[in-house]
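Trainee: All residue numbers for the sequence shown refer to numbering that gives the first Met the number 0, where the first residue is 0 and numbers rise by one.
Shown below is the structure under consideration.
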Amino acid sequence: MIRSRALALLLAPLVLSVPACGPSGLSRADAAQGDTVTFAPNWAFPNGSMSPVVAEKGMVVTTDRVASEVGAEILRRGGNAVDAAVATHFALAVVNPEAGNIGGGGFMVVRMANGTTASLDFREAAPMAATANMFLDAAGNVTDRSLMGHLASGVPGSVAGMWEAHKRFGTLPWADLVQPAVNLAEGIVVHERLANSLRSNADKIGRFHETARIFLPNNRPPRVGDRLVQTDLANTFRRIAADGMAGFYGGRTAELIEAEMRRGNGLITREDLARYRAVWRDPLRFGYRGHEVISMPPPSSGGVTMAEMLNILEGYDLRSMGYLSPEHVHVFAEAARRAYADRNAYLADPDFVPQPTQRMISDEYAAERRATIALDRATPSPQVAPGLGAPPREGTHTTHYSIVDEAGNAVAVTTTINSLYGSLVTIEGAGIVMNNEMDDFTAKPGVPNQFGLVQGAANAVAPGKRMLSAMTPTIVLDPRGRVLLVTGTPGGATIITSIAQIVSNVVDFRMDVTTATAAPRLHHQHLPDSLRYENDGLSAATAARLRAMGHALAEREGYQGDVQSIIVLPNGYQSAIADPRRGGAAVAVGEVRRVVQ
Ligand code: DON
Numbered sequence: 000m001i002r003s004r005a006l007a008l009l010l011a012p013l014v015l016s017v018p019a020c021g022p023s024g025l026s027r028a029d030a031a032q033g034d035t036v037t038f039a040p041n042w043a044f045p046n047g048s049m050s051p052v053v054a055e056k057g058m059v060v061t062t063d064r065v066a067s068e069v070g071a072e073i074l075r076r077g078g079n080a081v082d083a084a085v086a087t088h089f090a091l092a093v094v095n096p097e098a099g100n101i102g103g104g105g106f107m108v109v110r111m112a113n114g115t116t117a118s119l120d121f122r123e124a125a126p127m128a129a130t131a132n133m134f135l136d137a138a139g140n141v142t143d144r145s146l147m148g149h150l151a152s153g154v155p156g157s158v159a160g161m162w163e164a165h166k167r168f169g170t171l172p173w174a175d176l177v178q179p180a181v182n183l184a185e186g187i188v189v190h191e192r193l194a195n196s197l198r199s200n201a202d203k204i205g206r207f208h209e210t211a212r213i214f215l216p217n218n219r220p221p222r223v224g225d226r227l228v229q230t231d232l233a234n235t236f237r238r239i240a241a242d243g244m245a246g247f248y249g250g251r252t253a254e255l256i257e258a259e260m261r262r263g264n265g266l267i268t269r270e271d272l273a274r275y276r277a278v279w280r281d282p283l284r285f286g287y288r289g290h291e292v293i294s295m296p297p298p299s300s301g302g303v304t305m306a307e308m309l310n311i312l313e314g315y316d317l318r319s320m321g322y323l324s325p326e327h328v329h330v331f332a333e334a335a336r337r338a339y340a341d342r343n344a345y346l347a348d349p350d351f352v353p354q355p356t357q358r359m360i361s362d363e364y365a366a367e368r369r370a371t372i373a374l375d376r377a378t379p380s381p382q383v384a385p386g387l388g389a390p391p392r393e394g395t396h397t398t399h400y401s402i403v404d405e406a407g408n409a410v411a412v413t414t415t416i417n418s419l420y421g422s423l424v425t426i427e428g429a430g431i432v433m434n435n436e437m438d439d440f441t442a443k444p445g446v447p448n449q450f451g452l453v454q455g456a457a458n459a460v461a462p463g464k465r466m467l468s469a470m471t472p473t474i475v476l477d478p479r480g481r482v483l484l485v486t487g488t489p490g491g492a493t494i495i496t497s498i499a500q501i502v503s504n505v506v507d508f509r510m511d512v513t514t515a516t517a518a519p520r521l522h523h524q525h526l527p528d529s530l531r532y533e534n535d536g537l538s539a540a541t542a543a544r545l546r547a548m549g550h551a552l553a554e555r556e557g558y559q560g561d562v563q564s565i566i567v568l569p570n571g572y573q574s575a576i577a578d579p580r581r582g583g584a585a586v587a588v589g590e591v592r593r594v595v596q
């Protein structure tokens, strides 16, 4: 299906932005121009097969057209990018129940047009009754309780996050931003994306009665064109509209969450909900070839790990190696291997575990790590230890959206309930699909989690602690300090490598938004020692060369990530594309079209 979509796009007439500046004006990192790169012969998204959406007055790009439209409508009504983010976030909770959420959490990175930057942590927190060994059985083996059922959920952060973001930066009334979600929850016409998701996950959804009652009405997944009504969720959103954060963390909604947890032997109480807060953290910032990258600090590992990777890569002339040449893929994988070794050992909730952030993102440390890379052969992962000494002993589902408004305010949000449909538990009476984020903690040091991440004791479960994330909402400023790129993706452990690659695609290889998004993606996470690439993403010759260098190459069955990026063109227009891998939508305010064919 995705391949035929790529083909359809190939046949579509080419739509270009009106060049308010000449081609030379596009030379700011040549972001609008796109280098000519050629991908492997059978790659699903050949260069030139897609066109960006270009806007003059704002852009919302998400994984779902309905949610993108909701955000764009808020921009049209005069709301800013943060207002649009709030409305989009809540709309996604209705139209994208597999990942969009109010039963989960996430991270927001903001860069306002006046230069203010901010990053907001609304990650879930472990309930106060949580313990380090809660996911082990009597014999000390890891169970599946971190993945499925009531124990798998952390205290949700999304409503607190949106409330905080709105309090600080919002301009339109809160209730107006929640209302679209109320309307959608009262009934949506099921579109293809949702129908496919419900159909392919019907077995999982059927395991918990309330989840099945809502999402498998008449005991079957709804078909395209059916109406899906989420009455309880609409009422929850009404309480949130009326009472703000208290409409979720107190009153009726909190009672319903606590009652559900009691029924299913979960841990979240009304006290856990009442004490939850979203936290403003200092944004993670680092330089990359004259650009400034602004991303998420711990408890997301995204910014720090990406910084270490890109700082290592800054020592190589990637451009002259050639895109996805064996040399390029090799150094990318070696940088990732080292950065993930550090990530997995050291990173955790900074309120619980001292974080070596400044050291990990320093150029000096990158130089030390780079010095251990051999250019002609892979370093086996067992030979790559975390680089900063002994780590402290104590202590698929997600979605991303990017928004830029007419004034130039930019917002990147990645949000998740972890697996598809989270813990599979829906709060009876409240319609909230709950996360299974507890699996992002280390259930047992050395034992991989669902993403194969082998993490350490720093990320052990503790009451009130936030589990380490890989989510990497990111904004890149050009050398003149203007927003160039707003980006992020789902994909569990692969999020960081995907976003490091997108940043490098744009900065090193000067790709435009479609080429940077279409390019085949790579991943290495230290353990397992495997260099993964997307199906048909590398040519046979490149793969053979990498194998000869000692890489354990693994071709993925499916795709990696669902990147939603906006590139701001030199003339201030926004150019965007939803990742064709899952088929979202970029919706423009003041769309600029010029059909050249
Ligand atoms: O926070 C994290 O890193 C994970 N819970 C993200 C999960 C994810 O991206 C799943 N989607 N594909």
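Ideal Cβ positions, reconstructed from N, Cα and C, are used throughout, including at glycine.
Rounded to a whole number of angstroms, what is the C-alpha to C-alpha distance between Thr378 and Gly102?
Mentor: Straight-line Cα distance between these residues: approximately 41 Å.
Trainee: Determine, using beta carbons only, whether Glu97 and Tyr420 come nearer to each other than 8 Å.
Mentor: Yes, they are a contact pair.
Trainee: My understanding is that Arg555 touches Asn534, with C-beta atoms under 8 Å, so please give their C-beta distance in whole angstroms.
Mentor: Contact flag correct, Cβ pair sits at about 6 Å.
Trainee: Please list the segments of the alpha helix (DSSP H) lying wholly inside the segment 449-533, counting only runs of 4 or more residues, in order along the chain.
Mentor: Qualifying alpha helix (DSSP H) stretches, in chain order: 493-506, 512-517.
Trainee: Kindly examine the ligand DON and report whether one of its heavy atoms sits closer than 7 Å to the Cβ of Asp674.
Mentor: Since the first and last residues shown for the chain are 0 and 596, residue 674 lies out of range.
Trainee: Just checking Met470 against the ligand DON - is the residue's beta carbon closer than 7 Å to any of the ligand's heavy atoms?
Mentor: Under cutoff, so the answer is yes.
Trainee: Ignore the nearest five residues each way along the sequence and tell me which others in Ser299's own chain have a CB closer than 6 Å to its CB.
Mentor: Excluding residues within five positions, the ones whose Cβ falls inside 6 Å are Phe106, Ser468, Met470.
Trainee: Can you confirm whether the segment 118-137 touches the segment 255-275 when touching is taken to mean that 3 or more C-beta pairs between the two stretches lie within less than 8 Å?
Mentor: They touch, by the three-pair rule.
Trainee: Please classify Leu146: does DSSP put it in a helix, a strand, or coil?
Mentor: In the structure shown, Leu146 sits in coil (DSSP, three-state: anything other than H, G, I, E or B).
Trainee: Looking at C-beta atoms only, is the number of pairs between the segment 505-525 and the segment 46-61 that lie closer than 8 Å three or more?
Mentor: Yes, the segment 505-525 is in contact with the segment 46-61.
Trainee: Does the beta-carbon of Glu556, which I'm using as the reference point, lie nearer than 7 Å to any heavy atom of the ligand DON?
Mentor: Flag unset: Cβ of Glu556 not near the ligand DON.
Trainee: Using a Cβ-Cβ cut-off of 6 Å (strictly less than) and excluding sequence neighbours within five positions of Pro444, which residues of its own chain qualify?
Mentor: Excluding sequence neighbours, Pro444 sits near Gly455, Ala456.
Trainee: Run through the DSSP bridge pairs and tell me what Gly549 is partnered with.
Mentor: Partner(s): none; Gly549 has no beta bridge.
Trainee: Say the cut is 7 Å; is the CB of Val522 nearer than that to a heavy atom of the ligand DON?
Mentor: The sequence shown places His at residue 522, not Val. No, the Cβ of His522 stays beyond 7 Å of every heavy atom of the ligand DON.
Trainee: What residues match up with Arg251 in a beta bridge as DSSP calls it?
Mentor: Answer by DSSP bridge pairing: none, since Arg251 is not bridged.
Trainee: If I follow the unbroken beta strand (DSSP E) through Tyr287, where does it start and stop?
Mentor: Its beta strand (DSSP E) spans residues 283-287.
Trainee: Within the same chain, show all residues whose beta-carbon is closer than 7 Å to that of Ala7, passing over the 5 residues directly before and after it, in chain order.
Mentor: In this prediction, Ala7 has a pLDDT of 33, which is less than 50 and means its spatial position is unreliable; nothing more can be read from the coordinates.
Trainee: Less than 7 Å separating the Cβ of Glu123 from some heavy atom of the ligand DON?
Mentor: Answer for Glu123: no, Cβ out of range of the ligand DON.
Trainee: Under a Cβ-count criterion, where at least 16 other Cβ atoms within 10 Å of its own Cβ denotes burial, should Arg222 be classed as buried or exposed?
Mentor: Result: exposed.
Trainee: Under 7 Å: does the beta carbon of Pro489 sit that close to some heavy atom of the ligand DON?
Mentor: It does: the Cβ of Pro489 is within 7 Å (strictly closer) of some heavy atom of the ligand DON.
Trainee: Quick one: is the Cβ of His630 within less than 7 Å of any heavy atom of the ligand DON?
Mentor: The displayed coordinates of the chain run from 0 to 596. Any statement about residue 630 would go beyond what the structure contains.
Trainee: Suppose the cutoff is 6 Å on Cβ atoms and the five residues either side in sequence are ignored; what does the same chain contact list for Thr356 look like?
Mentor: If we look at Thr356 and ignore the five residues flanking it on each side, its Cβ neighbours are Val303.
Trainee: What separation, rounded to the nearest whole angstrom, lies between the Cα atoms of Ala518 and Pro296?
Mentor: Rounded to the nearest angstrom, the two C-alpha atoms are 27 Å apart.
Trainee: Could you tell me the alpha carbon to alpha carbon distance between Tyr315 and Leu552, rounded to whole angstroms?
Mentor: Rounded to whole angstroms, Tyr315 to Leu552 spans 22 Å at the Cα level.
Trainee: Does DSSP put Ala277 in a helix, a strand or coil?
Mentor: Ala277: coil per DSSP, three-state reduction.
Trainee: Quick check on Arg144: buried or exposed, where buried means 16 or more other Cβ atoms within 10 Å of its Cβ?
Mentor: With 16 or more Cβ atoms within 10 Å of its Cβ, Arg144 is classed as buried.
Trainee: Restricting to Cα atoms, I'd like to know which of Phe331, Arg318, Asn132 is closest to Met308.
Mentor: Residue Phe331 is the option with its Cα nearest to Met308.
Trainee: Taking Asp271 as the reference, give the member of Val352, Arg342, Pro155, Arg262 with the closest Cα.
Mentor: The option with the nearest alpha carbon to Asp271 is Pro155.
Trainee: Could you check which residue in Gly301, Arg376, Ala240 has the C-alpha nearest to that of Ala543?
Mentor: It is Arg376.
Trainee: Classify His180 as buried or exposed, calling it buried when 16 or more other Cβ atoms lie within 10 Å of its own Cβ.
Mentor: The residue asked about is misnamed: residue 180 is Ala in this sequence, not His. Under this definition Ala180 is a buried residue.
Trainee: Which residue from Leu227, Gly243, Leu146, Arg206 puts its Cα closest to that of Gly682?
Mentor: This structure cannot settle anything about residue 682, because the visible part of the chain is limited to 0 through 596.
Trainee: Does the ligand DON have even one heavy atom less than 7 Å from the beta-carbon of His396?
Mentor: Flag set: Cβ of His396 near the ligand DON.
Trainee: Just to confirm, is the Cβ distance from His149 to Gly263 under 8 Å?
Mentor: Yes, they are a contact pair.
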